[in-house]
Every structure is written in structure tokens, then in C-alpha cells.
Amino acid sequence: MKKTIRTLAFLLALMLSVGLLPVAADELWNEDYYRAYDLCDVLSEEERDDLDNDCIEFMKQFETDLFFIIASPDDYEDEGMEYMVDYIYNDCSFGYGRTGDALAMVYDVEEPSAQFFTFGHADQLLDQMTLEDIAENALGYEEEYDHWGVCYAAVSMLTKNLESRQGETSEPVVTAGASDRVGEESSMPAWYPADPQNFPLYYDENAPRVVDTADIFTDDEEARLESRLGEIRQELDRDIVVFTDVSTYGLSRAVYAADFYDFNGYGCGPDHEGVCLMICMDPNDRGWWTCCTGPVTRGLYTEQYANDIDDVLYEFLADGEYYEGVSDWVENMRTLYVKGVPFAPDWMPELSTFQHTNDLTRSRLVDSADLLSDDEEAALLQKAAALSEKYGVDVVMHTTRSTQGMTTQTYSDQFYYYNNYGFGQNFDGILLTLNRAGGVTARVSAEGAGAKNLTEVNEERLTDRAASLAEGSAYKAFDWWLGQVDHMYRTGRVSRSLASWGIWTAVQAAFSSLAGLIGLGRAKSKMKTAKVKTNADSYLVRDRLDVRPVRDTYLHTTVTRRYDPVKTKSSGGGSSSYSSSYHGSSGSSHSGSGRSF
């Protein structure tokens, strides 16, 4: 790699010395280097010329430079791939305009792998997930079209994606006709494409969003679902589709769901944003798959949320309550879109309308679990207000009986954030959340000056002791916590509990006693009184005692057992099968989850 870069620097200096690089301040780009930077020498001269022309045309159309680095691990293992890309970008004067906007794809021919890097404002063209999908899909062309095909496919995919986003595609709008489908006589469903890989994807605003081939809904239920999905599509510009069938026709549920979504005109916008719930009622393979499409939907539908949503859906479908389960699933998906979590508490706002500010009107004690009396609440609020005035931080307390599928820490953090607690621009404050779901757990959330002296040890002492006290009295837990917050801000420490002091004192006493006994034993051993021997026969002759090994004798084995319980889900149906990225028959990228029932 170093040798390559030195050679590049030498050529650059040579070209500058003979005046071959006329770089004026008003020029938008520099064309004097190939955009196909082939460190492995795998492209022919003709292929480099063609790829260079494609990159220049791309740059002229989208005002963003595009170049490729074809390399192997030997070319970047010393300094790293990012260093190599930065060096080539700067030394070749790549980039468009004053901000040097550029996309660079490193194609490692040995792995093989592909990765995009952005410069200037190029990161605003496409999101990272879309770039990763393009890089991954481009690699699929290597086997048939060799190394040049990977780069050419990447240029083509980038161009089509950006054209569709800008609404300037030069291709006519296409729809699928009957001749593109397999028809009624095929072993596949009639809507399935005759040539899936070359099927023209399209959008159909009028296509039904509920297709009940398995006939699990009544006509009235189907109409109500269709109406609700239309409302959500108009509200959010996201497509939610429900599809039932009695077979997946030899395909996996995941691929079958993706194919139905891709080949029937679904998906909003250039990324075809949306989600499809496919329920298969085959008696020998009954189950469902949720197929997510587009970077927004895929980014929201994490494995944790997929499991949470599927937990609820399973209970409905396993009991045969199909309409109720699907209706609930639809609302959970809408909540995921608008709030970022599928089972959002009432206090969580819709993300599109939320403004993070300081709200001094909200109560600093929200007893959602109803663990405190009115008098206890008043006393705690008075103490919290005194602490806030003393240290200039917002002191907040909250109880709940559910974290809506979130961890207690995440729930606590979001309760503080979305309720606009905190003073000043850094939202200085501290919150204790007591969660009474099952047992009692306590978590502390802090921002800005509120996190002063909140070390890991102090936080552990605050939460452990508060949870222990809350088993008996939430009031005592909050009252103790307020006192310890005062102590922590004043001294930097949280006091140990009485039990821990007692245990530590007992341990110290035990060690002291042991040390004393050992010392006493040693002193006593040195004060033994000599005994007189009356017979010489009592003595052995020196060096005449010979001890020889005869045999090894097994005494015993000690086995210690420790109980290590297996963690299991309380919900039915087990965990979902989840895929963060997979492809349908058209080659499009999706994610999703599903279960059997």
C-alpha cells in the first residue's frame, strides 16, 4: 500500500511539474485521473475507460463525484481502508464543487466485499442502509460479469435509485400486465411473475391492501381492515399490507411474503417503504412472516421489537382470533412508525411532532403504579423541590407497572427525555424510576449536571437499595433516595446500606480473629517444654530411616454444583425467526420475522 501511494504521489508531482493538471478555483471537478483506480490490475484498459466515462456522466447528472478503488487486503491492511480512501481522494483531487462531494466504493476482489465511503455532502444523497444494499447486490454480478460487472452494476443501481428519488427517470413508468404473470394454469399463484428477476416493479395506489386468499376474515372484517390501512397510508405515506394464503408454493414464508409485496405494486416512495404480514394457513406449515421494506421500516423493526410484536400476535392467531390479532398488529405497526416503539406509553409523543424543550409545568412525581398516598406525594415533592433549588438540577420520581416492552433503563431514559424534564440547555436533572412489573427494579437516569458524581458504584448503591426498600414501601425508597442524592452531590459518595456495613464489620472481625489465632499458635509452638528420654531405644539412628512408595490410594472426589437457571420467554410460541437482511426473488432487500402457530 505504501509503495502504491508513493508512486501515486510521484506521478502527481510529475504531472503538476509539466502543467498537465489545470486546476482552477472555479472548476467543479478534475478529470485527469481514472475514476476506476485499479490497484489489482484486474480491469482491461477498455473496461477502465468505460467505467471512467460512466462515473463522469454520473457526476454531471447528480453533481457528485464517483470513483472506484479495486483492491485487496494487502493494499490497506497497514493503515486501514479508510486511510487508503482518504489518501486517494485527496491526492487525485476527486470531489465535485467547493465542498468536494464524492462517493467512493472500495471493491475487495479477494474477500470479495464492497463498501461505500462519502465525502462532502454526498452523505445526503442516499442513506447508509441503501448504500450497503447496493454494494451487496452489486457483488452478485461478479460470477457472470467478472470484476468490471460489479462496478458497472453499482453505477447503474446508484443512478436508478437517485433518478427515482428525484422523479427524473428517463424510463417510462411501467406496470405489469397479464403477459408478465404465470397465469391460472401454473403451479404458482396466478399473480406470480413469469420471469421474477426481470419483472418490472411498480406502484399501484388502487391495489387492495388486504388479500384474503385463505378466507380467514369475513367480508365485513376485510372491509374494515382495508379502510384502516388506507387511512394509515394517507397519514404516514407507509404501505401496510395483509396477505393470507393456504400455501407458500415451495418458497420460504420470508421469500413468499417479499415476492407478494414486490410483484403486486406495493410500497410508498422510491424505497417502497412498507410492511407486509403474510399468514400461511397450510395445516402442515401454519405460520406467518412480517416482511419489511425500505430503510425507515427496516431500521425501526429491530429484533427486539419483532419479538415483542410477534409475542402478542401469536396469542391471537393460536386461539383462532385472526381479525382481532391482525387489527392489533396493524395498530402496533402504526405506533412503531409514529413513536419508534410498538407499545408506547401514553406519555410518549409522536416523533414527528415532538419538540425537546424544558417543561417546568409537569409534576416531578408521576405515580403511575399508584404506590403512594397523597400525603406521601406531597412530602416527597417538597423534598425534591428543596434539592432542585439547592443544586440547580431537576429532581424527578416515577413509578410504573409496565415498561411497554422496553428495558427498565431505556424506559426511564425515555420518560425523562420525552416529558421534557431537566433545567437549562443541558437538561440538568436526575430521575429515579421504580418498576413494579413482577418484582421491583429501580433505575436512575441523569443528564448534564444531574449526573455529577454518579459513578458506577454510586449508581449501583442507589438502585439496589431503592429497589430493596420499595419491596416494602415506595415512600421509604424515594425518601432514602432523595437523602442519598443530596449526600452524593455534597460529598461525592453514596452511603453503604446498614446491611453492607454490618457484613463488612463482621468480615473485618473474622479476619482479625483469624490473624490473632495464627499468631497465638505460632507463639505457643515456640514455648514447648523439653521431655526427658529414659531409654536410648527411643531414639532412631540418624540416616537409617528409609521411606519408599508402595502404592497410590484413592481417597475421595469433591463435586460442587451451582444452580444456573435457563432464561425463558414468558410468552407463547417461543422466539421469532428474525432476519436483518434477505432477498426476495426479484433481488430486492428486506428484513423481517415470523413464527409457526
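Mapped onto this note's numbering, the consecutive letters of the sequence shown carry residue numbers -3 to 593.
No residue lacks a Cβ here, since even glycine has one placed at the ideal position from N, Cα and C.
For Asp191 and Phe350, the rounded distance between their alpha carbons: What you label residue 350 is simply residue 354 of the sequence shown in a count that begins at 1. What you label residue 191 is simply residue 195 of the sequence shown in a count that begins at 1. Using only the alpha carbons, I get a separation of about 46 Å.
Taking Arg330 as part of the alpha helix (DSSP H), name the residues at either end of that continuous run. On the sequence shown, position 334 is the one that residue 330 refers to. In the DSSP assignment, Arg330 falls within the alpha helix (DSSP H) that extends over 318 to 335.
Hey, Thr114 and Leu99 are a contact pair by Cβ (cut 8 Å); roughly how many whole angstroms apart? As a working mapping, residue 114 is identified with position 118 in the sequence shown. As a working mapping, residue 99 is identified with position 103 in the sequence shown. The Cβ separation is near 6 Å, so the contact holds.
From this set, Asp200, Asp424, Gly91, which residue's C-alpha is nearest Val389's C-alpha? Here residue 389 is taken as the residue at index 393 of the sequence shown, counted from 1. Closest option to Val389, Cα to Cα, is Asp424.
Going by DSSP, what residue range makes up the alpha helix (DSSP H) through Trp477? In the sequence shown, residue 477 corresponds to position 481, counting from 1. Looking at the DSSP string, the run of the alpha helix (DSSP H) that includes Trp477 is 470 to 487.
On the premise that Leu35 lies in contact with Ile65, defined as a C-beta separation below 8 Å, what is that separation, rounded to the nearest angstrom? Working through the sequence shown from its first residue, we reach residue 65 at position 69. Working through the sequence shown from its first residue, we reach residue 35 at position 39. About 7 Å; that satisfies the 8 Å criterion.
Do you know how far the Cα of Gln111 is from the Cα of Gly583? Position 587 of the sequence shown, counted from the first residue, corresponds to residue 583. Position 115 of the sequence shown, counted from the first residue, corresponds to residue 111. Cα-Cα distance, rounded: 19 Å.
Could you compute how far the alpha carbon of Asp70 sits from the alpha carbon of Glu132? Walking along the sequence shown from the start, residue 70 turns up at place 74. Walking along the sequence shown from the start, residue 132 turns up at place 136. Looking at the two C-alpha atoms, the distance is approximately 22 Å.
Sequence-distant residues of its chain with Cβ nearer than 6 Å to Gln405 (five each side left out): By one-based count along the sequence shown, residue 405 stands at place 409. Cβ neighbours of Gln405 beyond the five flanking positions: Arg439.
Would you kindly check if the distance between the Cβ of His394 and the Cβ of Thr429 is under 8 Å? Looking up residue 429 in the sequence shown gives position 433. Looking up residue 394 in the sequence shown gives position 398. For Thr429 and His394, yes; Cβs fall inside 8 Å.
Span separating the alpha-carbon of Val146 from that of Glu222: The residue you call residue 146 lines up with position 150 of the sequence shown. The residue you call residue 222 lines up with position 226 of the sequence shown. If you take the alpha carbons of Val146 and Glu222, they lie about 42 Å apart.
Decide if Thr501 is buried, meaning its Cβ has at least 16 other Cβ atoms within 10 Å, or exposed. In the sequence shown, counting from the first residue as 1, residue 501 sits at position 505. Caution is warranted here: a pLDDT of 44 is assigned to Thr501, below 50, making its placement in the model unreliable, and the coordinate value is therefore given only provisionally. Exposed.
Leaving out five residues before and five after Arg177 in sequence, what residues of the same chain have Cβ atoms less than 8 Å from its Cβ? Your numbering for residue 177 matches position 181 in the sequence shown. So the qualifying residues of the chain are Ala186, Trp187, Tyr188, Pro189, Ala190.
Glu181: CB within 7 Å of a non-hydrogen atom of the ligand PLP: Here there are no bound small molecules, and the ligand PLP is not part of this structure.
Rounded separation between Arg457 and Gln421 - CA only: As a position in the sequence shown, residue 457 is number 461, starting the count at 1. As a position in the sequence shown, residue 421 is number 425, starting the count at 1. Arg457 and Gln421: Cα-Cα distance of roughly 29 Å.
Keeping to the same chain, check which residues put their C-beta closer than 7 Å to that of Trp325; ignore five residues upstream and five downstream. Translated into positions along the sequence shown, residue 325 becomes position 329. If we look at Trp325 and ignore the five residues flanking it on each side, its Cβ neighbours are Leu273, Ile305, Leu309.
Tell me the residue span of the beta strand (DSSP E) that contains Asn431. Residue 431 sits at position 435 when you count from the first residue of the sequence shown. Start and end: 425 to 431.
Got a sec? Which residues, its chain only, sit under 8 Å from Glu138 by beta carbon, not counting five neighbours each side? One-based indexing of the sequence shown puts residue 138 at position 142. Cβ within range, chain order: Pro108, Gly145, Val146.
State whether the segment 411 to 420 contacts the segment 312 to 319, with contact taken as three or more CB pairs (one from each stretch) at a distance under 8 Å. Inter-segment contact for the segment 411 to 420 and the segment 312 to 319 is absent: fewer than three beta-carbon pairs are separated by less than 8 Å.
Just the C-alpha distance for Pro341 and Gln400, rounded to the nearest angstrom, thanks. Taking the first residue of the sequence shown as position 1, residue 341 is located at position 345. Taking the first residue of the sequence shown as position 1, residue 400 is located at position 404. Using only the alpha carbons, I get a separation of about 7 Å.
Proximity to Pro446 [Cα-Cα], best of Gly435, Asn194, Gly488, Ala302: If you number the sequence shown from 1, residue 446 lands on position 450. Reading the sequence as shown, one finds Gly at residue 446 and not Pro. Per the Cα distances, Gly488.
Between the Cα of Ser384 and the Cα atoms of Asp482, Thr451, Glu452, which residue gives the shortest distance? If you number the sequence shown from 1, residue 384 lands on position 388. Minimum Cα distance to Ser384 is reached at Asp482.
State the DSSP-derived secondary structure class of Ala374, mapped to helix, strand or coil. Residue 374 sits at position 378 when you count from the first residue of the sequence shown. DSSP places Ala374 in helix when its eight states are reduced to three.
Helix, strand or coil, according to DSSP, for Leu236 in the structure here? In the sequence shown, counting from the first residue as 1, residue 236 sits at position 240. According to the sequence as given, residue 236 is Ile; it is not Leu. Correct three-state label for Ile236: strand.
Quick check on Ile212: does DSSP put it in helix, strand or coil? To locate residue 212, count along the sequence shown from 1; it is residue 216. Three-state result, Ile212: coil.
Under the three-state reduction of DSSP, which class applies to His143: helix, strand or coil? Locating residue 143 in the sequence shown gives position 147, counting from the first residue. His143: helix per DSSP, three-state reduction.
How far does the alpha helix (DSSP H) with Leu47 in it extend, from its first residue to its last? The sequence position of residue 47 within the sequence shown is 51, counting from 1. Unbroken alpha helix (DSSP H) run through Leu47: 41 to 58.
Three-state secondary structure (DSSP) at Gln421? Position 425 of the sequence shown, counted from the start, is the residue given in the question as residue 421. Coil at Gln421, not helix or strand.
Can you tell me the Cβ-Cβ gap for Gly283 and Gly580, rounded? I've got them flagged as a contact below 8 Å. Walking along the sequence shown from the start, residue 283 turns up at place 287. Walking along the sequence shown from the start, residue 580 turns up at place 584. The pair is not a contact, with the Cβ atoms about 18 Å apart (cut-off 8 Å).
Could you check whether Asp241 and Tyr262 sit closer than 8 Å to each other, using their CB atoms as the reference points? Here the question's residue 262 lines up with position 266 in the sequence shown. Here the question's residue 241 lines up with position 245 in the sequence shown. No, these two residues do not count as a Cβ contact at 8 Å.
DSSP state of Ser566 mapped onto helix, strand, coil: Here residue 566 refers to the residue found at position 570 of the sequence shown. Note on Ser566: pLDDT 42, under 50, position unreliable in the model; no value is reported.
Spatial neighbours of Arg330 within its chain, please: C-beta separation below 6 Å, excluding the five flanking residues on both sides. Taking the first residue of the sequence shown as 1, we reach residue 330 at position 334. Taken in chain order, the residues that qualify are Ile228.
C-alpha distance - Trp477 paired with Ala462, whole-angstrom precision: As a working note, residue 477 is residue 481 in the sequence shown. As a working note, residue 462 is residue 466 in the sequence shown. Between Trp477 and Ala462, the C-alpha separation is close to 7 Å.
Whole-angstrom distance between Asp371 and Glu595, CA atom to CA atom: Absent from the structure is residue 595, since the part of the chain shown begins at -3 and ends at 593.
Restricting to Cα atoms, I'd like to know which of Met277, Val292, Cys287, Thr298 is closest to Ala314. Translated into positions along the sequence shown, residue 314 becomes position 318. Ranking Met277, Val292, Cys287, Thr298 by Cα distance to Ala314 puts Met277 first.
Can you list, in chain order, the residues of its chain with a C-beta nearer than 7 Å to that of Arg161? Leave out the 5 residues immediately preceding and following it. Position 165 of the sequence shown, counted from the first residue, corresponds to residue 161. Taken in chain order, the residues that qualify are Pro266.
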